[in-house]
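Chains as they are written, first to last, in this note's numbering: chain U, 1320 to 1885; chain S, 21 to 334; chain F, 4 to 312. Glycine included, every Cβ here is placed at the ideal spot set by N, Cα and C. All values reported here derive from a predicted model rather than from experimental measurement.
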Amino acid sequence: MKTKKLAALLLAMLMLVSVFAACNSGGSESSSKPESSASSNEESSQAESSGEESSEGETSTGNVNLEGYPIVNEPITLSMMGARAGIHGDWDKMEFFEIMAEMTNINFTYDTPSGEVFEEKKNLALNSGNYAQVLFGSQLNREQQVKFGAQGILLPLEEYIDKYCPNIQAMFAEKPDVRPSITAPDGHIYSLPTVSYSPLMSTAMWVNIDWLDKLGVKPEDLPTDVDGFYDLMIRFRDEDPNGNGEKDEIPLNVFDDADKGDGIYKQMMPYFGVLHPEIYVDDDGKIHYGMMDENAKVAFEFFNKLYSEKILSQEMYSHAAADATAEGTEGRNGAGYHALPRFIFGNMEMEKEATYPIMPALSSSVNPQQTCTRGTGITQGTFSLTDKCDEETVIAMMRWVDYLYSEEGSWLIHYGPEGHIWEYSENDPSLHKYIFPTDGRNVEEVRGGEITPDCGLALPKWVRDTTEGAWDDVQQQARIAWSDKSLNPYNKQYLPDMFLTEEEQAVVDMYATDLKNYRQENSAKFVVGDKSFDEWNAFVDGMKALGVEEYIATYQQAYDRWAANK
Amino acid sequence: MIKSNETAPKRPLSQRFIRSLKKHWQYYILLLPALAYFLVFCYGPMYGAQIAFRNFNARGGITGSPWVGLAHFTRFFNSPYFLKLIRNTLTISLYSLVAGFPFPIILALSLNELKNQKFKKFAQTVTYAPYFISVVVMCGMLISFMSPSTGIINKAVTSLGFEPISFLTREEMFPSIYVWSGIWQGTGWGSVIYFAALSSVDPQLIEAATLDGATRWQKIWYINLPTLMPTIVIMLIMNCGNLLSVGYEKTYLLQNSLNLETSEVISTYVYKVGLVSAQYSYSTAIGLFNSVVNMLMLILVNTFSRRVSETSLW
Amino acid sequence: MANSAVQAKHRQRLTKDDVVFNTFNYILIFLFVAVTLYPLVYVVSASISEPTKVNSGQMWLWPVGFTTIGYEKVFKDPDIWRGYANTIYYTVFGTIINLAFTLPCAYALTKRTLPFKTLINFLILFTMFFSGGLIPLYMLVNNLKLLDTVWAVVLPTAVSAYNVIITRTFMETSIPGGLEEAAEIDGCSPFGVFFRIVLPLSSPIIAVMALFYGVGHWNSYFNEMIFLSDHAKYPLQVILRELIIITQISGGDGATISNTEAKTAAEMQQLAGVIKYSVMIVSTLPIIVVYPFLQRFFVKGVMIGSIKG
């Protein structure tokens, strides 16, 4: 009985303690974050008043140099929030920030939620007033820029750009698309982008060089239209290019995890003059919904032919990309769209990989011009300042970030300083080469772990067109050469990066999900032959019933505004 | 409380009430921590649900965003996918309930009859473990088992001389795949509660029945099963309160363009709506609709159960 | 003693009926075991097999192309042991709080004469269906100054309505009402009845609740990711998720990928194939192993013993 009493007492005490502790704990332990934001608040209000009265204080107006370095005479510390990618080490130990601090006298305290929950944490922070002064690598999409900008949480940056940011101005001058693409409908710039117009395509169709050799096709003689492509694929299928005597070849495999077929549609519909299955803009500035085009039907008849003749992987809709790679490892893949041949054909040496050719952009009977598409080169929302910054801080930070848009700065934020992960090549001192770590990690793990957060995370910078070519890397050079020959001359941008107003966004939200679902479901049925092409018109009517016309009109309105700003 | 006070009919109601409270104060102390939790952490944030009736934006916040009434609900009801979503969701969850509910009970009763303690422990642990296979891994396994070219199931099918079946792209098969893989994974875990409930079977009763010459089967049917009955009923009622909740992660991972016709359920739809842009209000409205239906369902089943079996949630 | 005597009697009288029943029962359980054992073996094998062999379907039961790279990667993570420690701390502490809140509440609700009982039941049930969403909860935790403390992990999930109902049902049906009445007549207060009679008799349901809540804490990651910012406080699941996330490098839509980035991505993709299995085993093995130990609380005849005693 005694032990039971004791146990009961213990339990009761525990309950009491836990309730009390719940009430108390806040006071002692969790003070670090809220306090720091509060103090920075205080600081900023102080700074504002002292600035106006121009009385002396810790942060006098004189602290910021408008030219040259350091940017601030007395070191300052600001709060920063950014997404920590999986590969990242701790931001406060990264060399990039140390170098910048040395040069500018600007230091940071970091709040870096894991990339997986960053979206939630960012929203919670911005909605609850618990946010940092600097949002760096904060993935603010256009919609959030519009919302939080209008609310006054994000500061308009355009005036400061015009006054203090020569490198950003130079970028605007050289790349005229950029400024209208980052200007919100209310005329303000709330966030700075990553800009990269590199000749490297993120995705291209790589063709199995061994199979081409076997069939006696030279890489220079790859087809340039869909009919020639089809013939080559038939040969891949029938002539046993992998030489195992079995008809197990998959001429065109699909590496598509959750895209529900869109991976293939996006790459191949441009051959038929349809630049995107959803919204794209044609040369005359007219917005289309790709699947509504007459040529979309031609494209899908072609896809249906590829599928029913077993040129496309028969499991393209259900398997994962890794399964398709495994098929490549077994020597079954003839071609596929991906970043590098090794994804399609399995691991290989770099020298071997450099021999694989890229299938050129193709033309078709309905689209006589060879065509492929590229992205906008702009990644939105990588840098913003919040209303917790005072005037001086804003100027200082704008000068800080402007450096990242210089050629030197863009290199620094991505590759870090010389001697850690890269050095100049002994073959050609104008080229760079990697210093491979000896501790079993790869270059990226070192780069993201110790050097810079610009690894798996988009940060403010302007990648020069020449940056990717400046490497002593046989495979990279081959990749650039192929892209320049087979793809880049035929490249079209399917849609500029453009803002929607809140009202436009609401309209788009209304239709987007249903349209996409309907489109994907029916597309797949046309491809595998579950639906006959007699039903195509009914399918188009179905999209109309789902509001595709208003959807198009809304984008047209946004595009016209974008074009007018240009 | 009224019956117990029949002996003192003259006392005013309020006084009787206070007496009753006084008599029960210790129970309220026992209730206190949990009730405090529910008030602070569940009812405290509940005001957030009103964004279903507003157009939530960061500027206005939860209480200041413009009021739009039932607009989000009508948008959902008018969606061309509405009926399909309800149909698919109900198909999958009813199928799960009907097919899946008995298995944990059978497993628990069956394991309970084992005499060999070591084997019993082993069997119990093995059947319970699949519950811990993460959804991502589970779906990856299912996809690879069912692959028409390399999957183990289709290897068996082709070795028997049949054409391989592309299970995952056949829309009519999706509910079965979803439900049976769920049973496979969840039966052992689900049996834990029944297993615990079986411990309250009176051994003397079993002994007496054995002496009377009852068969094993009769003992299960007349002693073990009735002991489990209240738990079974409660579990059934609560499952009925979950009819519109089919989890999004597994459905989404097994979904592809060719089985969308049957695999698109409310939760995956909400997820996709969120992918376009964070439409807090709209998804909250759909969630609220879900909850209301679930709750009505629960009240209905509970009322029915109270009439029939005297077991009920309140 | 009594039990073994009964069992001895059983053994003597192994009737034909028993034999048939046992055969049938064993077949049934073997089926259950075989069907559930397969995925377990598969996961273990896949965790030490070459990922391409797994993806291509060559690995279907035993390991093919032996490799321990997945485990190496997991255990090379410097945070993993701290993650284990944090998880154990959150699980044990969280479960104690869960039990301390849930058991008394469930017991009080078994009292049929309790004023407002229906209302309270309904209030609790209501929370199973309706919630205010993440933003208000975050604001609440923020205002209570719980962010980044252990309380943010254990308090928002301190009681589950579902578990209260299950516990209540068990207490209502399994604990003989006569026992409580007898105790009350002997002058035992409700506290006394709860601590001296109900709790000792509830060991099966306490074990189940400890399991339900414990597994919940063990597997939980979302609240931890939202309410904790200090990496040193992250539990195992969060650390392991990040490990898996590393392997999902993507260039984003239309972004260009340099060669080293692409190669790392290719390497990571392969690693992802094996690491997801090893991560799963590392993270769930401890909680699976706990189960057999809990089973001994599901003993039969607790009630009877206490009535007699």
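Interface flag, residue i vs chain F, CB-CB below 9 Å
i              : result
residue 62/S   : yes
residue 167/S  : yes
residue 133/S  : yes
residue 1790/U : yes
residue 130/S  : yes
residue 1367/U : At residue 1367/U the pLDDT is 40, less than 50, meaning the model places this residue with poor confidence and gives no usable figure here.
residue 1586/U : no
residue 1744/U : no
residue 172/S  : yes
residue 237/S  : yes
residue 152/S  : yes
Cβ separation of residue i and residue j, assumed to be a contact under 8 Å, to the nearest whole Å
i              : j              : result
residue 1504/U : residue 1820/U : 5 Å
residue 68/S   : residue 127/F  : The pair is not a contact, with the Cβ atoms about 19 Å apart (cut-off 8 Å).
residue 143/F  : residue 65/S   : 6 Å
residue 112/S  : residue 285/S  : 6 Å
residue 1610/U : residue 1413/U : Incorrect: roughly 45 Å between the Cβ atoms, too far for contact.
residue 173/F  : residue 50/S   : Contact doesn't hold; Cβ gap of about 16 Å is too wide.
CB contact check: residue i to chain S, cutoff 9 Å
i              : result
residue 256/F  : Since pLDDT at residue 256/F reaches only 42, below the 50 mark, its modelled position is unreliable, and no value is offered.
residue 53/F   : no
residue 20/F   : yes
residue 1466/U : yes
residue 1839/U : yes
residue 1510/U : no
residue 60/F   : yes
residue 111/F  : yes
Partners in chain F for residue i, counting only beta-carbon separations shorter than 8 Å
i              : result
residue 1567/U : The contacting residues do not exist; residue 1567/U stays about 12 Å from chain F at best.
residue 57/S   : 104, 158, 161 and 162
8 Å Cβ cut-off: residues of chain U touching residue i
i             : result
residue 292/S : 1832, 1835 and 1836
Beta carbon proximity, residue i to chain U, threshold 9 Å
i             : result
residue 202/S : no
residue 81/S  : yes
residue 262/F : yes
residue 77/S  : yes
residue 160/S : yes
residue 205/F : no
residue 183/F : no
residue 276/F : yes
Neighbouring residues, chain U, relative to residue i (Cβ below 7 Å)
i             : result
residue 141/F : 1443 and 1447
residue 145/F : 1447 and 1449
Neighbouring residues, chain S, relative to residue i (Cβ below 9 Å)
i              : result
residue 1458/U : Correct list: empty, because the minimum Cβ distance to chain S is about 13 Å.
Chain-ordered chain S contacts of residue i [CB-CB under 8 Å]
i              : result
residue 1580/U : 277
Proximal residues of chain S, C-beta to C-beta of residue i below 7 Å
i              : result
residue 1636/U : 189, 276, 277 and 278
residue 36/F   : 143, 146 and 147
residue 2/F    : In the structure as shown, chain F starts at 4 and stops at 312, and residue 2/F therefore has no counterpart that could be examined.
**Item:** Ranges of the beta strand (DSSP E) found wholly within the region 1435-1473 of chain U, counting only runs of at least 3
**Value:** 1453-1455
**Prompt:** With a cut-off of 8 Å, do at least 3 Cβ pairs link the region 1423-1433 of chain U to the region 1744-1751 of chain U?
**Reply:** no
**Request:** Could you tell me whether the region 144-155 of chain F touches the region 246-263 of chain S, using the rule of 3 or more Cβ pairs below 8 Å?
**Result:** no
**Asked** Can you give, in chain order, each stretch of the alpha helix (DSSP H) that sits fully within the region 117-158 of chain F and has at least 4 residues?
**Response** 120-129, 137-146 and 153-157
**Message:** List, from N- to C-terminal side, the alpha helix (DSSP H) runs of 4 residues or more that fit wholly inside the region 1506-1560 of chain U.
**Reply:** 1528-1534 and 1545-1557
**Message:** Between the region 1588-1595 of chain U and the region 1658-1674 of chain U, can you find at least three pairs of beta-carbon atoms closer than 8 Å?
**Reply:** no
**Prompt:** Would you call the region 222-230 of chain F and the region 1616-1636 of chain U in contact, with 3 or more CB pairs under 8 Å?
**Reply:** no
**Item:** In chain order, each beta strand (DSSP E) run of at least 3 residues that lies wholly inside the region 1759-1807 of chain U
**Value:** 1780-1782
**Request:** At 3 residues or longer, and completely inside the region 66-114 of chain F: list those beta strand (DSSP E) runs for me, N to C.
**Result:** none
**Asked** What are the uninterrupted segments assigned as alpha helix (DSSP H) that are 4 or more residues long and contained completely in the region 226-251 of chain F, given in chain order?
**Response** 239-249
**Request:** Mind the definition here: the region 1666-1675 of chain U touches the region 1464-1479 of chain U only if three or more C-beta pairs lie below 8 Å; say whether that holds.
**Result:** no
**Prompt:** In chain order, which alpha helix (DSSP H) runs of at least 4 residues are fully inside the region 1393-1441 of chain U?
**Reply:** 1414-1423
**Item:** Meets three-Cβ-pair contact criterion under 8 Å: the region 1551-1565 of chain U and the region 1526-1533 of chain U
**Value:** yes
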